[in-house]
Every structure is written in C-alpha cells, then in structure tokens.
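Working notes, beginning with the structure itself.
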Amino acid sequence: MMWQTEPSKGETSEVTLLVSSCTTQMSGSPILNNNVNPWKLCTVTQVEEVKLIVRIFPIWLSTIVYGLMITQAATFFIQQASTMDRNVGSLFIFPSGSLLAFSSAGILICLPIYARVLIPCARWFTGYERGLTMLQRLGAGFFLSILCMVTAALVERRRLEIAEEYGLLDDPTATVPMSVFWLVPQYFIFGMSDVFALVGEQEFFYDQVPDSMRSLGMALFLCGNGLASYLGNAVISIVGVVTSRGNNTGWIANNLNRSHLDYFYWLLAVILAVNFVVYLFLCRCYIYKSVVH
Numbered sequence: 001m002m003w004q005t006e007p008s009k010g011e012t013s014e015v016t017l018l019v020s021s022c023t024t025q026m027s028g029s030p031i032l033n034n035n036v037n038p039w040k041l042c043t044v045t046q047v048e049e050v051k052l053i054v055r056i057f058p059i060w061l062s063t064i065v066y067g068l069m070i071t072q073a074a075t076f077f078i079q080q081a082s083t084m085d086r087n088v089g090s091l092f093i094f095p096s097g098s099l100l101a102f103s104s105a106g107i108l109i110c111l112p113i114y115a116r117v118l119i120p121c122a123r124w125f126t127g128y129e130r131g132l133t134m135l136q137r138l139g140a141g142f143f144l145s146i147l148c149m150v151t152a153a154l155v156e157r158r159r160l161e162i163a164e165e166y167g168l169l170d171d172p173t174a175t176v177p178m179s180v181f182w183l184v185p186q187y188f189i190f191g192m193s194d195v196f197a198l199v200g201e202q203e204f205f206y207d208q209v210p211d212s213m214r215s216l217g218m219a220l221f222l223c224g225n226g227l228a229s230y231l232g233n234a235v236i237s238i239v240g241v242v243t244s245r246g247n248n249t250g251w252i253a254n255n256l257n258r259s260h261l262d263y264f265y266w267l268l269a270v271i272l273a274v275n276f277v278v279y280l281f282l283c284r285c286y287i288y289k290s291v292v293h
C-alpha cells in the first residue's frame, strides 16, 4: 500500500530501491496507525525528493573536480607573474594579483556575446527556449577549463625556456625577461569558463533540487567550491611528495625556475579532461526534474 498524503512531484521510475520505503507490508491503512515509524514508512513525495538529490549527486562531484582550475588562478598563476617582467613603460609596475582583473574582463566580454549571439544561434539550432540546457552550459565551462590549463602549461613551458636561456634557473629572485601579459590568455579563458560553469552550477542546483529544498541548491554550490580547495591542496601535496623522491627538485618547489609547473598544469588538464568525459556520460543518463503545474 502506498502512503501518499500530498501530491507527487512528477513521480519517476529510476532508483526503484527507494520506492520500497513508501510501501508497507502491514495489513490495513498505515494512516490509521498512529504508531507508524517515520523512518520505515514515508510519503511518495518524500521518496521523489530523495531521488532528485541522488540524481544530482554525481553532477555535483564533477563540479568539485572543475574547481581544481579555480584554485590555480589565485595561487600558482600569481606566483608565475611575480617572476616575470611586470614593467609597463618606465613608471609603472603591474601588480601580480591584479591579473585577476583579466578574468573579470573575460566575464564582462563573454556575457553579452553569450546573451546576444550564442543563445540566439543555439536557440535556432536546438529549438530550446534558453538555447543551451543547464548541463550543456555547465559542460561548456568544463571544456574551457581544460583549454585554460593547456594554455597555462604552454606559457609556463616558454617561461622556463627563457629562464634557462638567460641562466636564471638557480636565481629564484631574478626577473625572467618575459612580459607578465603572456598570462592574460589563461586568465581570460578562466573568466570565460566561469560564465558557463559557475553560473550554470547555480542555475542547475537551484532548479533541480526539490522545491521544498531550494536553499540546499546554493549550499551544494558553496560546499562544492570549498571541497574543491581541499582537493586542490591534496593534489598539490601528493604531486609534491611523489615528484620530489630521490632528491629530485620536484614539479612544485620554492624556486619556480627549477620547478615544472608546466607538467603540473598538464596533469590538471588530463584530470579535467577525464572529468569532462565522465560528465558527458552522466549527462546522457541524467533525467531532468519534471515540473507539475
């Protein structure tokens, strides 16, 4: 017997194991039994809400991996900048941390293009009112995160080559004669990825969680960002320990000119690419929440 005291919000067919939680083997109506254990018997609506959370959980995990790119913009990107030529003319030295402004520029430039060009074109091709689905928008951000790491690896490779050419490998305080503005493309792509991924995350979690748990959507978004920072620290620690074995300098050292941040960026690009492939599979299996008016 199904206990349904409120309308079901688009009953789904997947996760059938949970359906048994709203089925009773007792004879008679459970509603008439005042001693019903709520941990053993619940409403159909409650089961549907749990199934919605279970469905979005794998997508949420993939957003944590995406956060690996975000953690680099405020750490190693800035460390790279501090070793490069930051002179703008003869009177002004560009602050390393101010490079984050170029990610904001990427957002400001990409947003109107997204709204005025990409969405109308996508709407014409897909027939979908929003142009791109929430998962497609999120996936575009994931793809751009891979491109960001590839760009960062190529720029760092060039920086190391110039440092070696000028004999600066053992002088961590020296300024590598390479303009800091070589880092602008990776910051710009970083900003573009935020337009798709971070905004897409907030939209997805707010829309797909149960109506009675809308605040949980923002909580998942913020929690994912926090866990991404912990994951980034864990990856850095593991890479540092593994690559410094046998008295090697390692990929991540105090002297960036002797480090191999380019290898580290390539590793992140591979991790993000694997995450992107897994995400595409999850998208094919995902069923959007049905809205019942």
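Everything in the sequence shown is counted per the UniProt record's numbering, starting at 1 for the first residue and increasing by one. In this text, a Cβ means the ideal position worked out from N, Cα and C, and glycines have one as well.
Residue pairing by DSSP places residue 92 opposite 88 in a beta bridge. Taken through DSSP and simplified to helix, strand or coil, residue 244 comes out as coil.
Non-local beta-carbon contacts of residue 192 in its own chain, meaning distances under 7 Å to residues more than five positions away in sequence, involve 106, 110 and 144 in chain order. A residue is called buried when at least 16 other Cβ atoms come within 10 angstroms of its Cβ; residue 114 meets this threshold and is buried. Within the stretch 164 to 211, the complete beta strand (DSSP E) runs of at least 3 residues fall at 176 to 179. In its chain, beyond the 5 residues on either side, 186 and 265 have a beta carbon closer than 6 Å to the beta carbon of residue 152.
Residue 197 and residue 277 have their C-alpha atoms roughly 16 Å apart. For residue 67, the enclosing alpha helix (DSSP H) covers residues 44 to 73. In the three-state scheme derived from DSSP, where H, G and I count as helix and E and B as strand, residue 254 is classed as coil.
Look at residue 259 here: in three-state DSSP terms it is coil, with no helix or strand label. Between residue 280 and residue 286, the alpha-carbon positions lie close to 10 Å from each other. Collapsing the DSSP output to three states places residue 128 in coil. Taking C-beta atoms as the reference points, residue 82 and residue 103 fail to come closer than 7 Å. Taking the Cα of residue 60 as reference, the smallest distance to any Cα among 274, 217, 99 and 253 is reached at 217. Cβ-Cβ distances below 6 Å link residue 188 to 102 and 106 in the same chain, with the five nearest sequence neighbours on each side left out; the list follows chain order.
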